[in-house]
Amino acid sequence: MRSFFAMLWNSDDPDAAEAARRIRSRLLVEPGHEASCLDAPGLFLADLSIDQATASIVPVECPQSHSGSAAIFGTFFKPALSGAGMARITTLDGLDAARMLDSGGRSLLTDGWGSYVGLVASGANMSITCDPTSSLPCYYTQQDGVTLAFSHLERCPFIDTRQFTLNLGFLARLLAYDRLQTGETGFNEVRELLGGEGLFLTAGTCVTEQVWDPRTIAERPLRARPEEAAEMLRQTAQGVVASWSRLFDPVHVDLSGGFDSSALCGLLARVNGSQATIAVHQCLQSGDPPEAGYAREAAAHADMPYKGIQLDPARPVPPAGSHPLSARPHRQFIGMDLSGPRAAADLPIADATFTGQGGDHLFLADKSPLGFCDFLTLEGINARTGEELLNAARLSGRSAWSVLATCLPRLVARSGQSDLARAIAARRAGSPDRSMTDLPSWMQDPAGLPPAKFNQACNLMHMVQVREQFDRPWTHNVVHPFISQPLVSLCLQIPAYMLTLGGENRGLARMAFKGLLPERIRRRMTKGTSTGYFMDYLLANHDTVIGALRGGALEKAGLIHPSDLDTLVSKDLYKLAHTGRRLLVWYTIEAWLRAWNQHLGP
497 MRSFFAMLWN SDDPDAAEAA RRIRSRLLVE PGHEASCLDA PGLFLADLSI
547 DQATASIVPV ECPQSHSGSA AIFGTFFKPA LSGAGMARIT TLDGLDAARM
597 LDSGGRSLLT DGWGSYVGLV ASGANMSITC DPTSSLPCYY TQQDGVTLAF
647 SHLERCPFID TRQFTLNLGF LARLLAYDRL QTGETGFNEV RELLGGEGLF
697 LTAGTCVTEQ VWDPRTIAER PLRARPEEAA EMLRQTAQGV VASWSRLFDP
747 VHVDLSGGFD SSALCGLLAR VNGSQATIAV HQCLQSGDPP EAGYAREAAA
797 HADMPYKGIQ LDPARPVPPA GSHPLSARPH RQFIGMDLSG PRAAADLPIA
847 DATFTGQGGD HLFLADKSPL GFCDFLTLEG INARTGEELL NAARLSGRSA
897 WSVLATCLPR LVARSGQSDL ARAIAARRAG SPDRSMTDLP SWMQDPAGLP
947 PAKFNQACNL MHMVQVREQF DRPWTHNVVH PFISQPLVSL CLQIPAYMLT
997 LGGENRGLAR MAFKGLLPER IRRRMTKGTS TGYFMDYLLA NHDTVIGALR
1047 GGALEKAGLI HPSDLDTLVS KDLYKLAHTG RRLLVWYTIE AWLRAWNQHL
1097 GP
């Protein structure tokens, strides 16, 4: 997992420079950091990654005509993309460096792509920019005139966290809806930069800006025949997979046996050549229908070694209070340590584990009929109108009349909330909060986008949350190749009704990836489930979770009431199916709050 710490300060301010020097000296006490730091006027950057086999600091060689300092942390590719992929940039220089300095880092979002954070310092003007996929967390705070930025607070014991105060309002909002991404964190003094955002500081002012807006990408729809769009989709997917795969060895693929991970195996087989790649399938020891047959078939189709690991639902939840000292609670805290099952399967530690995450959102695994709205908006009434109406009916499982009843009011209104915004509002109904007003502007205003495309753009907020938040002892990195800016941009430009070509979810992707995966998986319209495993896991840990919540940190802080738990204690399977996920969310927040209460003291 890539991890960084950075400081920005006005190099002409002696007090800020001295504060930065003190923090830097505390960091450098940690062994090993001396060789992985960049120190420049007004800018300091340290690579805190445990695995530093690949250098993650990209120096920026500033032209003589420019003053200031700049650097990139992470992986940065040039924008030109072919099916063969691109090599990562190790130094930014020339015109690219000049544009980065002139734009305050904004140019990075058009001059390249990858998983990165850009930093610029020029006197009193400073900036931080994040890649659109938010694949590398970026939190920031200010102390003693210095702006501190970091990916993982738990890696930064040299930061004076005694200056932080708990943001109980944010924790209350998480208890109701834990998938919020508003930039808030568990501390009032710490904010998160979201995907495509920039932080710009000038003479005491601090402003965030949405540098990359998915609506501006989606407002330029691709005009192409389905066959042409499918070829573009295939080439772009192959390019991002090739670009990422050449950085790691060995690569393991988290292969579920579904469409997306099977397509990923096929793409890797095409671009990897002789590079070692192993397909790893998680076999659930529960009553769920097994998916191993599909996974084996996909691995064999890609000529890839297959390994199955056994997952026991009786595994215990992590102890309450053991949540890492991160900037906010993370659902990945509940995630299983796969070291034991992988060792039992004789699997080595992976340099990177690749997943097919992102396919649902980008290739559009959707049953909404609103694609017909988009068709009428973009193409009007033409010879294909009847066909697209029937496609929308087939996709949604509704009658043509029902599709019209849903779509026509949207066409008249020409605006409105996305389905995701409606769901968040419903979840928070009756509770005073800022969850809607704090959402990014691109989630609140369609800005002329038709409804199905606006829904897809809004759902990017959920897509980026699959990023791995913690180090895993069984893999050095977790990579989601499909969640890459070139593929995200292309899928935003392809009309929703073309992505669901022929009235099928992922219809265009099914055409694009033909031949890369077994035909019965390519044509499969259902997905495997883990409902039984989830229920068994809840039953095995129910008493532990309830016991931790009763009289725990959340209750003492007034964030939950004993009566709230009374509604969750039932082990009735029907009730547990509706309340179980909430229990695990609350337990995660409880564990985070306990850890910080213990660390900060009374």
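For the sequence shown, counting from 1, position 462 maps to 958 in this note's numbering; every step adds exactly one.
Using N, Cα and C, we set each Cβ at its ideal position, and we do this for glycine too.
Model, not experiment: these values are computed from the prediction.
{"Query": "Limits of the alpha helix (DSSP H) - the one that Gly665 falls within", "Result": "Leu664 to Ala672"}
{"Query": "Alpha-carbon spacing of Ala759 relative to Leu1012, whole angstroms", "Result": "6 angstroms"}
{"Query": "Pair within 8 angstroms by beta-carbon distance, Gln853 and His748", "Result": "no"}
{"Query": "Val962, DSSP secondary structure in three states", "Result": "helix"}
{"Query": "Per DSSP, the bridge partner or partners of Asp543", "Result": "Phe500"}
{"Query": "Reduced DSSP secondary structure (H/G/I, E/B, other) of Asp535", "Result": "strand"}
{"Query": "Asp1039 to Leu676 span [Cα, whole Å]", "Result": "28 angstroms"}
{"Query": "Contact set for Asp547: own chain, Cβ-Cβ below 6 angstroms, skip 5 residues either direction", "Result": "His972"}
{"Query": "Separation of Ala513 from Leu718, as counted between CA atoms", "Result": "50 angstroms"}
{"Query": "Alpha-carbon spacing of Gly882 relative to Gly783, whole angstroms", "Result": "43 angstroms"}
{"Query": "Limits of the unbroken alpha helix (DSSP H) element including Phe950", "Result": "Pro947 to Cys954"}
{"Query": "Spatial distance of Gly468 from Pro785 (CA atoms)", "Result": "Outside the displayed range of the chain (497 to 1098) lies residue 468, so it cannot be described from this structure."}
{"Query": "Spatial distance of Arg890 from Gly789 (CA atoms)", "Result": "29 angstroms"}
{"Query": "Identified DSSP bridge partners for Gly570", "Result": "Tyr612"}
{"Query": "Contact check, Gly691 vs Thr704, beta carbons under 8 angstroms", "Result": "no"}
{"Query": "Straight-line Cα distance separating Asp967 from Pro928", "Result": "The pLDDT assigned to Pro928 is 47, lower than 50, so where the model puts this residue is not dependable, and the model offers no usable value."}
{"Query": "Element boundaries [beta strand (DSSP E), containing Leu695]", "Result": "Glu693 to Thr698"}
{"Query": "For Phe859 and Phe654, the rounded distance between their alpha carbons", "Result": "43 angstroms"}
{"Query": "Collapsed DSSP secondary structure at Arg520 in the structure displayed", "Result": "helix"}
{"Query": "Reference Ser499; option with closest CA among Ala901, Ser552 and Leu935", "Result": "Ser552"}
{"Query": "For Ala948 and Ala992, believed in contact at Cβ under 8 angstroms, the rounded distance", "Result": "4 angstroms"}
{"Query": "Coil, strand or helix - Asp508 by DSSP", "Result": "coil"}
{"Query": "DSSP three-state assignment for Met957, whether helix, strand or coil", "Result": "helix"}
{"Query": "Where Phe755 sits in the DSSP three-state scheme", "Result": "helix"}
{"Query": "Ser741: first and last residue of the uninterrupted alpha helix (DSSP H) it sits in", "Result": "Pro722 to Ser741"}
{"Query": "Assigned secondary structure, Pro928 (DSSP; H/G/I helix, E/B strand, else coil)", "Result": "Because the pLDDT at Pro928 is just 47, under 50, the model does not fix this residue reliably, and the value given afterwards should be weighed accordingly. Coil, per DSSP."}
{"Query": "Sub-8 angstroms separation of Pro942 and Gln706 beta-carbons", "Result": "no"}
{"Query": "Alpha-carbon to alpha-carbon, Met497 and Glu680", "Result": "23 angstroms"}
{"Query": "Span of the beta strand (DSSP E) around Glu705", "Result": "Thr701 to Gln706"}
{"Query": "Exposed unless 16 or more other CB atoms sit within 10 angstroms - verdict on Gln806", "Result": "exposed"}
{"Query": "8 angstroms Cβ cutoff met for Ala816 and Ala1053", "Result": "no"}
{"Query": "Cys448 burial status per 10 Å Cβ neighbour count (16 or more: buried)", "Result": "Nothing can be reported for residue 448: it is not among the residues displayed for the chain, which extend from 497 to 1098."}
{"Query": "Leu1096 burial status per 10 Å Cβ neighbour count (16 or more: buried)", "Result": "exposed"}
{"Query": "Coarse secondary structure for Phe744, derived from DSSP in three states", "Result": "coil"}
{"Query": "C-alpha gap between Leu667 and Leu1055, whole angstroms", "Result": "8 angstroms"}
{"Query": "Beta strand (DSSP E) runs contained entirely in the stretch 833-864, provided each spans 3 or more residues", "Result": "848-850"}
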